[in-house]
Amino acid sequence: MRIADSLRKRITSRPRHEGLYREALDAGLSELQARIVAGRLGSPRAPLEALIRPALKYIEHPEKLCDSRRAAERIARAVAEGEHIGVLTDYDVDGITSHVVILRTLTELFGVPADRVHSLIGHRIHDGYGISLPLVERILTLAPQPSLIISADCGSSDEPRLARLREAGIDVVVTDHHALPVEGPPPSAHAVVNPSRHDCDYPDNTIAGCMVSWLLMSLTRAVLIELGLLMPDTPKLSPWLSYVALGTVADCVSLGDSAINRAVVTLGLTLINRMEEPCWRAMAEWLGEDSTPFDAETLAFQMGPRINARSRLDDPYAALHFMLARDDATARRYLAVLDEDNQSRKSIEADMVESARTLARTQLDEGARVLAVHLEDGHPGVQGIVASRLVQAWGRPTFVLTPAAQPGMLTGSGRSVEGVHLRNALQRAHELAPEALPRFGGHSGAAGIGVPLESLEAFREALTRAVDEQLGERELYPLILSDGALSDDQLQLTILDEIEALTPFGREFEAPLFEGRFLVEKTRLVGAEGNHLMMDLSSGRVMLRAIWFRAVSPGERSPFGLGETIHCAYRLSRNRWRGRESLQLMIEHAELADA
Numbered sequence: 001m002r003i004a005d006s007l008r009k010r011i012t013s014r015p016r017h018e019g020l021y022r023e024a025l026d027a028g029l030s031e032l033q034a035r036i037v038a039g040r041l042g043s044p045r046a047p048l049e050a051l052i053r054p055a056l057k058y059i060e061h062p063e064k065l066c067d068s069r070r071a072a073e074r075i076a077r078a079v080a081e082g083e084h085i086g087v088l089t090d091y092d093v094d095g096i097t098s099h100v101v102i103l104r105t106l107t108e109l110f111g112v113p114a115d116r117v118h119s120l121i122g123h124r125i126h127d128g129y130g131i132s133l134p135l136v137e138r139i140l141t142l143a144p145q146p147s148l149i150i151s152a153d154c155g156s157s158d159e160p161r162l163a164r165l166r167e168a169g170i171d172v173v174v175t176d177h178h179a180l181p182v183e184g185p186p187p188s189a190h191a192v193v194n195p196s197r198h199d200c201d202y203p204d205n206t207i208a209g210c211m212v213s214w215l216l217m218s219l220t221r222a223v224l225i226e227l228g229l230l231m232p233d234t235p236k237l238s239p240w241l242s243y244v245a246l247g248t249v250a251d252c253v254s255l256g257d258s259a260i261n262r263a264v265v266t267l268g269l270t271l272i273n274r275m276e277e278p279c280w281r282a283m284a285e286w287l288g289e290d291s292t293p294f295d296a297e298t299l300a301f302q303m304g305p306r307i308n309a310r311s312r313l314d315d316p317y318a319a320l321h322f323m324l325a326r327d328d329a330t331a332r333r334y335l336a337v338l339d340e341d342n343q344s345r346k347s348i349e350a351d352m353v354e355s356a357r358t359l360a361r362t363q364l365d366e367g368a369r370v371l372a373v374h375l376e377d378g379h380p381g382v383q384g385i386v387a388s389r390l391v392q393a394w395g396r397p398t399f400v401l402t403p404a405a406q407p408g409m410l411t412g413s414g415r416s417v418e419g420v421h422l423r424n425a426l427q428r429a430h431e432l433a434p435e436a437l438p439r440f441g442g443h444s445g446a447a448g449i450g451v452p453l454e455s456l457e458a459f460r461e462a463l464t465r466a467v468d469e470q471l472g473e474r475e476l477y478p479l480i481l482s483d484g485a486l487s488d489d490q491l492q493l494t495i496l497d498e499i500e501a502l503t504p505f506g507r508e509f510e511a512p513l514f515e516g517r518f519l520v521e522k523t524r525l526v527g528a529e530g531n532h533l534m535m536d537l538s539s540g541r542v543m544l545r546a547i548w549f550r551a552v553s554p555g556e557r558s559p560f561g562l563g564e565t566i567h568c569a570y571r572l573s574r575n576r577w578r579g580r581e582s583l584q585l586m587i588e589h590a591e592l593a594d595a
C-alpha cells in the first residue's frame, strides 16, 4: 500500500491542561466548558477572565504600538493641510476591511473630501502582493499625486518600492501585522506600525492587519482632538469594529490566547447583528432568514469566502464597493457579483484539488513531510484553499505553486500544521538557498512565496530541511483532536447554550469536536454532485440528524449501510428551519466502529 493511502485520519483525545481545568471550574465554568477551555489554552498569557468573558477593556492603548504616534501625527498633518492621501491595502478580507476602516474614518470622521482620498488595491494576478512595483507605477501616474500613502496589511517587506516612493516625495505610513525581514522595518517608510516588530511594546502581536489600522486611526483621532482640529465629541471608531471582526476571523489569526482578538470579534458580531449596514443586511437576506444571528462561523465560511473570491479571480474593487455600499440595492448588486465569483472559485478549486492530490501522493510515497506541489495550469487565486485541502487530507505543511505573471517565476501559498511555524521555516529556507526563495512573507499558519521555476527543486530541498529542523523526530499524520464523548442526556439542544457561552471560536480556539458511536438508521447522498452524506443516527433513545460534507467523491455510494455502527468525530450545530431549531451533528470524520 502506498504511504499516501495509508495515512488514515486518527481520532485522538485532545491534551488537557489540568491546572487550567481546575482554574476554569473555580471560575464557575461547567465541567464541559472547563474541558473545552483547558484543551485549547494551555498556559495562557492573558488572564482567564479576559479570554472567557471578552470585553473592550482588554484592548491595549494604540500608543503602545511602536511608531504609532509618529504615524498618527503625519496623518493628522495631511488631514489638516488638505493633502491627497492614498489608502493602499492587500486584496484579501483583512486588506479590504482595513481599507474600509481607514477610508470611512478619513472621510466620515475627519472630514477629508472623497476626491482627496485614493483607493489603491493590487490585483492579485497583475500586480501581486503588497506594495508591488505595478502599484508604485500606478501611484506615480496619479494626478494629483498623493503626498501620503497609508498601507494596511502589507508593506513590511517592501523596502525597494518604498524607497522609490520616498524618492518621488511621497511619505508612506506602513501598517501591517506580518513578520518583518531579518534586517528589520523598511527604512524608507515614514513610520512602520506593526506589532511584530522586535522593538514594539504592544503586548499582542497576533492582532490582524485591520485591527492595527483601527488602532492607528483611533490614535489619529485623539491627535486631531489634541491639536484642536476635531471636536472632543467627534464619534469614536467603535462602529468600525464590525469590519475588524470580519477581517480578524477571515484572516485566521489566533482566537485563543488573545484577549484583544476575542473582544473585537465578540463586540463586532454584536454590531453586525444590529444589521445597521447595507452589507450585513444584504448578506443576511442572501443566506436566508435562518442565517441570523451571524456568528464567527458565518464570517469565516459565508462572508469571508465571497469577499476573497473576487480578489482571487478578478479585480477586488467589487468587494470594497460591497462593504462600502450606502443602500441595500447597491449592496445586493455587488453581492451578486461576489457570489458569482465564489461559484466560479469552487469549480476551479475542485479541479485543482484533484490534480494536486495526484502530485502530492507521489511526494508522500517518497516520504515527504512537507508538500510543495506545482500546478502548471493552476489558478494563482485558489492556491491557499487547495493547500488547505491537502493539509486536511494528510496532515503535512503544504505549498501550492502556480505560474506567476513574471516569466520564469512561480507564486505559491502555504498552509501549516500545529508545530510548524511557516514564516520561520521560510526564513530558514531562504538562508539555506536565497536564490530559490527571493520573496516570501506570512505568519505561523499561512504564507506566500515567489520561486524561480528553475529553482523549484532547490526550494523543496531547503524547505524540507527547514521543516525537519522544527519537527525533529515527530511523526505527521492527519489528526482529529476530540474533546471526548457526550452522554445521551447531553445530546440535547440546550447543550449549545453551554458551548456558545465560550464563543467566539476560531483558530487556536476551535469549536468543540466530540466523538461517539452511533447506529445508522437512515442514509442518503445529497447535494448537486451527490457527495454530501445525510444520516439519521441513534444513541440509546436519542435520535439525531447528521450531515457529512464531502463524505464521498461524486458518483460513489454511501460508505455506510442501515444498521451499521459508526465511530465518528462531530461538531454540534443548530439546524434552523422555518423558525424551528433542532440539534444536528456536523460530521468531520466517520468509520465503521470495528475498523
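Using the UniProt record's numbering, the letters of the sequence shown map in sequence onto residues 1 to 595.
Idealized CB from N, CA, C, for every residue including glycine.
Beta carbon of residue i nearer than 8 angstroms to that of residue j
{"i": "Gly39", "j": "Asp483", "result": "yes"}
{"i": "residue 596", "j": "Arg389", "result": "What is shown of the chain runs 1 to 595, which leaves residue 596 out entirely."}
{"i": "Leu338", "j": "Ile385", "result": "no"}
{"i": "Val172", "j": "Ala152", "result": "no"}
{"i": "Ala425", "j": "Leu463", "result": "yes"}
{"i": "Ala501", "j": "Asn531", "result": "no"}
{"i": "Thr411", "j": "Thr402", "result": "yes"}
{"i": "His589", "j": "Ile11", "result": "yes"}
{"i": "Val391", "j": "Ile348", "result": "no"}
{"i": "Ile587", "j": "Trp548", "result": "yes"}
{"i": "Val253", "j": "Thr206", "result": "yes"}
{"i": "Val520", "j": "Leu537", "result": "yes"}
{"i": "Ala331", "j": "Arg274", "result": "no"}
{"i": "Pro504", "j": "Thr266", "result": "yes"}
{"i": "Gly209", "j": "His177", "result": "yes"}
{"i": "Ala191", "j": "Asp67", "result": "yes"}
{"i": "Leu453", "j": "Gly408", "result": "yes"}
{"i": "Gly247", "j": "Thr105", "result": "no"}
{"i": "Gly88", "j": "Ile149", "result": "This sequence places Leu at residue 88; Gly is not what is there. Cβ atoms of Leu88 and Ile149: closer than 8 angstroms."}
Of the residues the options, the one placed nearest residue i, counting alpha carbons only
{"i": "residue 620", "options": "Ala356, Glu510 and Ile566", "result": "Since the displayed the chain opens at 1 and closes at 595, residue 620 lies outside it and no answer follows."}
{"i": "Leu155", "options": "Ser291, Leu135, Thr523 and Ser218", "result": "Here residue 155 turns out to be Gly, not Leu, going by the sequence shown. Of the listed residues, the one whose Cα sits closest to Gly155 is Leu135."}
{"i": "Leu142", "options": "Ala360, Leu20 and Ala168", "result": "Ala168"}
{"i": "Trp214", "options": "Asp199, Tyr243 and Asp204", "result": "Tyr243"}
{"i": "Ser413", "options": "Gly448, Ser98 and His421", "result": "Gly448"}
{"i": "Arg221", "options": "Pro316, Val112 and Ala329", "result": "Val112"}
{"i": "Ala163", "options": "Leu140, Pro559 and Thr105", "result": "Leu140"}
{"i": "Gly540", "options": "His178, Ile499 and Thr565", "result": "Thr565"}
{"i": "Arg138", "options": "Gly378, Trp548 and Ile121", "result": "Ile121"}
{"i": "Leu103", "options": "Met323, Gly579, Tyr129 and Leu230", "result": "Met323"}
{"i": "Ala114", "options": "Leu479, Thr97 and Val79", "result": "Val79"}
{"i": "Gly441", "options": "Arg423, Leu486 and Val182", "result": "Arg423"}
{"i": "Val542", "options": "Glu508, Ile52, Cys568 and Ser487", "result": "Ser487"}
{"i": "Ile36", "options": "Glu581, Arg557 and Phe514", "result": "Phe514"}
{"i": "His421", "options": "Ala372, Pro434 and His443", "result": "His443"}
{"i": "Pro380", "options": "Arg507, Pro160 and Gln406", "result": "Gln406"}
{"i": "residue 597", "options": "Pro305, Arg428 and Val467", "result": "Because the chain here runs from 1 to 595, residue 597 falls outside it and cannot be looked at."}
{"i": "Arg474", "options": "Ile495, Arg524, Leu481 and Val417", "result": "Val417"}
Range of the contiguous beta strand (DSSP E) that encloses residue i
{"i": "Ser344", "result": "Segment Asp328 to Asp365 is the alpha helix (DSSP H) holding Ser344; no beta strand (DSSP E) there."}
{"i": "Thr494", "result": "Neither: Thr494 is in no beta strand (DSSP E) and is coded neither H nor E."}
{"i": "Ser538", "result": "His532 to Ser539"}
{"i": "Val542", "result": "Val542 to Trp548"}
{"i": "Arg10", "result": "Arg10 to Ser13"}
{"i": "Ile480", "result": "Leu479 to Ser482"}
Beta bridge counterpart(s) of residue i as assigned by DSSP
{"i": "Asn575", "result": "Ser582"}
{"i": "Cys568", "result": "Gly516 and Ala590"}
{"i": "Arg524", "result": "Met534"}
{"i": "Phe509", "result": "Gly506"}
Residue range of the unbroken alpha helix (DSSP H) whose run includes residue i
{"i": "Thr464", "result": "Leu456 to Leu471"}
{"i": "Ala80", "result": "Ser68 to Ala80"}
{"i": "Met283", "result": "Pro278 to Leu287"}
{"i": "Pro324", "result": "The identity of residue 324 in the sequence shown is Leu, whereas the question assumes Pro. Unbroken alpha helix (DSSP H) run through Leu324: Tyr317 to Leu324."}
{"i": "Val37", "result": "Glu31 to Ala38"}
{"i": "Ile52", "result": "Leu48 to Ile52"}
{"i": "Ala24", "result": "Glu18 to Asp26"}
Quiz prompt | Those runs of the beta strand (DSSP E) which lie wholly inside the UniProt domain "DHHA1" (369 to 467) and span at least 3 residues | solution = Note on the UniProt domain "DHHA1" (369 to 467): whole beta strand (DSSP E) runs with a minimum of 3 residues are 371 to 374, 398 to 403, 409 to 415, 439 to 442 and 446 to 452, in chain order.
Practice problem: Taking only runs that begin and end inside the segment 224 to 309, name each unbroken alpha helix (DSSP H) of 4 or more residues, in chain order. | Solution: Here the runs fully enclosed are 241 to 250, 259 to 272 and 278 to 287.
Quiz item: Where in the UniProt domain "DDH" (85 to 218) do unbroken runs of the beta strand (DSSP E), each at least 3 residues long, occur, reported from the N-terminal end onward?
Solution: DSSP runs (the beta strand (DSSP E)) wholly in the UniProt domain "DDH" (85 to 218): 85 to 89, 117 to 121, 148 to 152, 171 to 175 and 191 to 193.
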